[in-house]
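*Asks:* Under the numbering used here, the residue at position 66 of the sequence shown is numbered 66, and the numbers go up by one with no gaps. Sending over a structure as structure tokens; questions will come in a sec.
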Amino acid sequence: MRNRYLYITLLSLLGFSAEATAQVLAQTPQLVVSITINQLRTDLLEAYAPLYTADGLKRLLDQGMVFPSATYPFTPVDPASASASVQTGTTPYYNGITGAEWMNRSTLRPQNIVDDKEQGPSPTQLMTSTVGDELKIATTGQGKVFSFATNAECAILSAGHAADGAVWTTNGQWQMASYYKPSNQWLNWYVNQWLPTKDTNRSVTDLALKCVEQLGLGRDDQTDLLCVNYDVQSDAVGYQLMDHNIAALLKGILGTIPRERVLFVLTGTGTTDEEQEQDNERYRIPTGKVYINRSANLLNMYLGAMYGSAHYVETYSKNQIFLNQKLIEQKNLKRLEVLQMAQDFLLQLSGIRQVYTNNQLQTADSPQMQHIRNGFNKEKCGDLIIEVAPGWQLVNEETQQQTTYRSAIVHFPIILFGYNIQAQRVLTPVTADRIAPTVARAIRIRAPNACKAEPLF
1 MRNRYLYITL LSLLGFSAEA TAQVLAQTPQ LVVSITINQL RTDLLEAYAP LYTADGLKRL
61 LDQGMVFPSA TYPFTPVDPA SASASVQTGT TPYYNGITGA EWMNRSTLRP QNIVDDKEQG
121 PSPTQLMTST VGDELKIATT GQGKVFSFAT NAECAILSAG HAADGAVWTT NGQWQMASYY
181 KPSNQWLNWY VNQWLPTKDT NRSVTDLALK CVEQLGLGRD DQTDLLCVNY DVQSDAVGYQ
241 LMDHNIAALL KGILGTIPRE RVLFVLTGTG TTDEEQEQDN ERYRIPTGKV YINRSANLLN
301 MYLGAMYGSA HYVETYSKNQ IFLNQKLIEQ KNLKRLEVLQ MAQDFLLQLS GIRQVYTNNQ
361 LQTADSPQMQ HIRNGFNKEK CGDLIIEVAP GWQLVNEETQ QQTTYRSAIV HFPIILFGYN
421 IQAQRVLTPV TADRIAPTVA RAIRIRAPNA CKAEPLF
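This is the structure we're talking about:
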């Protein structure tokens with residue numbers, strides 16, 4: 001008789017345990033919608049708030065957890081490096097994505113970060129796992145991961161290595177990464193059947209909603225991830241159009257999935273329209289030009305005078321100079337000495353505020369150079385990293401590229417909405433690499449493998 005009661009008690013406990021487990025699983029969001037907007041700025045987002053409808057950006061601002069003072073913990077930032085940081089929870093120092101383009105040292109040619117001659121556009125240059133990758137591992141491949149964007153870099157880097165699909169627009173056409181195999185048949189059919197409209201943001205919204213509808217994202221016991229990337233123009237019309245897109249996305253998803261089962265995360269890429277040189281000159285703001293090609297040639301002449309005529313500067317790209325390592329070895333020169341002399345020489349040129357050597361960035365740990373170090377990657381960057389003075393332009397006469405530098409921080413928001421999020425405004429400054437561990441905690445999976453940042457809550 002005692003055994004019988006014991007058996008019944010054990011069954012009851014097991015039943016209670018199963019029910020409790022089901023309740024815990026039910027508390028996690030079944031769909032995470034990660035929205036990243038290029039050029040998004042907190043000041044403009046708030047300035048144009050009276051123009052928004054009740055169902056879009058205003059809804060997120062009023063009902064979400066809003067962090068208005070967000071930045072990235074590295075520099076320089078572009079949409080590619082920002083998208084990678086949001087999904088990996090780390091910086092280019094670890095994830096390898098220093099920007100949309102990098103100088104391939106083996107070919108001495110600039111290369112797009114998602115170019116892959118063997119597999120087509122792919123995330124092979126992304127050196128760490130993403131939230132989507134960890135979701136795939138945690139669900140043994142059952143959780144769905146899709147990414148839609150206005151450019152290839154944001155689509156692929158947001159998708160990660162193990163996604164089900166990544167789609168973007170190019171020259172009025174949909175492009176789909178064949179890297180993600182087996183290719184989804186419905187998505188493959190759609191991108192070949194329909195063309196995006198001139199309003200690429202709206203086309204991305206419509207395709208994302210079609211994906212949710214046709215593939216049943218957020219409708220089973222496995223959490224799914226949907227990444228959406230937009231571009232916003234820095235004027236009232238641009239923000240109004242973005243408001244309409246956010247409203248359509250919210251309405252389409254929340255029309256079929258309960259709010260408590262969806263976690264929306266909206267943020268920016270930390271990029272902004274470049275300051276125009278003529279504005280600096282017009283208002284007598286100190287400005288000038290640093291010619292990277294001329295600087296590299298002068299440096300080569302200087303090193304030639306010191307060590308004998310030779311081709312010491314191998315190439316240059318953006319604000320980076322690459323030295324000829326083989327030549328330095330052949331001449332039995334001390335590498336650190338050459339770097340120091342090159343650094344000292346470049347610091348004498350007008351418009352150059354600071355010069356960092358790759359050795360400094362790999363060994364030093366001072367707070368002053370933390371942002372530069374975080375944006376550096378030894379496989380992707382040069383031997384000398386030049387910091388241009390604020391307001392000055394970095395010019396490459398060969399490629400006609402011109403970039404105006406500014407040290408001032410341009411804040412963008414991080415907004416969390418849905419799930420069990422309570423409306424609040426958090427004025428404490430935060431960094432965007434904290435988004436990945438926040439999402440990972442919410443859906444109860446591991447954070448990406450190089451993520452050291454703390455969750456936002």
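Virtual Cβ for every residue (Gly too), placed ideally from N, Cα, C. Computed from a prediction, not measured in an experiment: that's the story for all the values here.
Threshold first: 4 residues or longer. Then list the alpha helix (DSSP H) segments lying entirely within the segment 39-116, N to C.
*Replies:* 42-47, 57-63, 79-88, 92-95
*Asks:* Based on DSSP bridge pairs, tell me the residues matched to S295.
*Replies:* Here residue 295 refers to the residue found at position 295 when the sequence shown is read from its first residue. In the DSSP output, where bridge partners are listed per residue, S295 has none listed.
*Asks:* Determine the extent of the beta strand (DSSP E) in which W174 is found, giving its start and end residues.
*Replies:* Residue 174 sits at position 174 when you count from the first residue of the sequence shown. Taken as a continuous stretch (DSSP letters only), the beta strand (DSSP E) holding W174 covers 173-176.
*Asks:* So, at 7 Å on beta carbons, what are the nonlocal neighbours of S407 in its own chain, with the 5 sequence-adjacent residues on each side left out?
*Replies:* Position 407 of the sequence shown, counted from the first residue, corresponds to residue 407. Correct list, in chain order: P390.
*Asks:* Specify, as a first and last residue, the run of the beta strand (DSSP E) that C211 falls within.
*Replies:* Numbered from 1 along the sequence shown, position 211 holds the residue referred to as residue 211. Element bounds for C211: not the beta strand (DSSP E) but the alpha helix (DSSP H), 200-215.
*Asks:* Please classify T363: does DSSP put it in a helix, a strand, or coil?
*Replies:* Indexing the sequence shown from 1 puts residue 363 at position 363. In the three-state DSSP reduction, T363 falls in the helix class (H, G or I).
*Asks:* Thinking just about the alpha-carbon of each residue, which of Q348, K58, F322, L195 is nearest to the one in T357?
*Replies:* Indexing the sequence shown from 1 puts residue 357 at position 357. Nearest option by C-alpha distance: F322.
*Asks:* Buried or exposed: where does L456 fall if 16 or more other Cβ atoms within 10 Å of its Cβ makes it buried?
*Replies:* On the sequence shown, position 456 is the one that residue 456 refers to. Flag for L456 reads buried.
*Asks:* Tell me, please, which residues DSSP counts as bridged to N183.
*Replies:* By 1-based counting over the sequence shown, the position of residue 183 is 183. First, the amino acid is wrong: residue 183 is Ser here, not Asn. Bridge partners of S183: none, in fact.
*Asks:* Cα separation between N112 and R373?
*Replies:* Translated into the one-based positions of the sequence shown, residue 112 becomes position 112. Translated into the one-based positions of the sequence shown, residue 373 becomes position 373. So the alpha carbons of these two residues sit roughly 22 Å apart.
*Asks:* Pop quiz: P29 and Y419 are said to be a contact at Cβ under 8 Å. What is the actual Cβ separation, rounded to whole angstroms?
*Replies:* Here residue 29 is taken as the residue at index 29 of the sequence shown, counted from 1. Here residue 419 is taken as the residue at index 419 of the sequence shown, counted from 1. With a beta-carbon spacing of about 5 Å, P29 and Y419 fall inside the 8 Å limit used to define contacts.
*Asks:* Under the rule that 16 or more other beta-carbon atoms within 10 Å means buried, what is V24, buried or exposed?
*Replies:* On the sequence shown, position 24 is the one that residue 24 refers to. For V24, the pLDDT reaches just 47, beneath the cut-off of 50, and the residue's location in the model is therefore unreliable, although a value from the coordinates is still provided. Counting Cβ neighbours within 10 Å, V24 comes out exposed, since fewer than 16 surround it.
*Asks:* Does K452 come out as helix, strand or coil in the three-state DSSP assignment?
*Replies:* Taking the first residue of the sequence shown as position 1, residue 452 is located at position 452. Residue state, collapsed to three classes: coil.
*Asks:* On the DSSP bridge assignment, give the partners of T140 in chain order.
*Replies:* Taking the sequence shown and counting its residues from 1, one reaches residue 140 at position 140. According to DSSP, which records beta bridges pairwise, T140 is partnered with nothing at all.
*Asks:* Have a look at V313 and G375 and give me their C-alpha separation to the nearest angstrom.
*Replies:* Looking up residue 313 in the sequence shown gives position 313. Looking up residue 375 in the sequence shown gives position 375. Take the alpha-carbon of V313 and the one of G375: they are about 22 Å apart.
*Asks:* Using the rule of at least 16 other Cβ atoms within 10 Å of the residue's Cβ for burial, across every protein chain shown, is V237 buried or exposed?
*Replies:* Numbered from 1 along the sequence shown, position 237 holds the residue referred to as residue 237. Burial call: exposed.
*Asks:* Who are the Cβ neighbours of V262 in its own chain at under 8 Å, not counting the five residues just before and after it?
*Replies:* As a position in the sequence shown, residue 262 is number 262, starting the count at 1. Within the same chain, V262 has close Cβ partners P29, Q30, L31, V32, V33, G218, I253, L254, G418, Y419.
*Asks:* Out of K331, P367, G288, which has the shortest C-alpha to C-alpha gap to S350?
*Replies:* Taking the first residue of the sequence shown as position 1, residue 350 is located at position 350. Looking at the Cα atoms, G288 is the closest of the given residues.
*Asks:* If you check the beta carbons only, do D164 and V191 fall under 8 Å apart?
*Replies:* Residue numbering aside, residue 164 sits at position 164 when the sequence shown is read from its first letter. Residue numbering aside, residue 191 sits at position 191 when the sequence shown is read from its first letter. No; because the gap between Cβ atoms is not below 8 Å, this pair is not in contact.
*Asks:* Would you grab the beta carbon distance between T269 and S83 for me? Rounded to a whole angstrom, and I think it's under 8 Å.
*Replies:* Counting from one through the sequence shown, the residue named residue 269 turns up at place 269. Counting from one through the sequence shown, the residue named residue 83 turns up at place 83. Yes, they are in contact, since the Cβ atoms of T269 and S83 sit about 7 Å apart, within 8 Å.
*Asks:* Could you give the residue range of the alpha helix (DSSP H) that holds D344?
*Replies:* Within the sequence shown, numbered from 1, the residue matching residue 344 stands at position 344. 335-346 is the span of the alpha helix (DSSP H), which, as asked, contains D344.
*Asks:* With a threshold of 16 other CB atoms inside 10 Å of the CB of W174, please say whether the residue is buried or exposed.
*Replies:* If you number the sequence shown from 1, residue 174 lands on position 174. With 16 or more other Cβ atoms inside 10 Å of its own Cβ, W174 counts as buried.
*Asks:* Between I414 and the rest of its own chain, which residues show a CB-CB distance below 6 Å, the 5 nearest in sequence each way excluded?
*Replies:* Position 414 of the sequence shown, counted from the start, is the residue given in the question as residue 414. The answer, listed in chain order, is F67, A70, T267.
*Asks:* Within 8 Å, do at least three Cβ pairs link the segment 149-169 to the segment 200-219?
*Replies:* Short answer: they touch.
*Asks:* According to DSSP, which residues form a beta bridge with A166?
*Replies:* The residue labelled residue 166 in the question sits at position 166 within the sequence shown. Its beta-bridge partners are S147.
*Asks:* By a C-beta neighbour count over all protein chains shown, 10 Å radius and 16 as the cutoff for buried, is E153 buried or exposed?
*Replies:* Translated into the one-based positions of the sequence shown, residue 153 becomes position 153. Burial call: buried.
*Asks:* Taking its Cβ as the centre, do 16 or more other Cβ atoms sit within 10 Å of T107, making it buried, or is it exposed?
*Replies:* Position 107 of the sequence shown holds residue 107. Its Cβ having fewer than 16 others within 10 Å, T107 is exposed.
*Asks:* For a quick check, are the C-beta atoms of S122 and I97 less than 8 Å apart?
*Replies:* The residue you call residue 122 lines up with position 122 of the sequence shown. The residue you call residue 97 lines up with position 97 of the sequence shown. Going by C-beta atoms, S122 is not nearer than 8 Å to I97.
*Asks:* May I have the straight-line CA-CA distance separating S158 from H411, to the nearest angstrom?
*Replies:* Stepping through the sequence shown from its first residue, residue 158 is reached at position 158. Stepping through the sequence shown from its first residue, residue 411 is reached at position 411. Using only the alpha carbons, I get a separation of about 21 Å.
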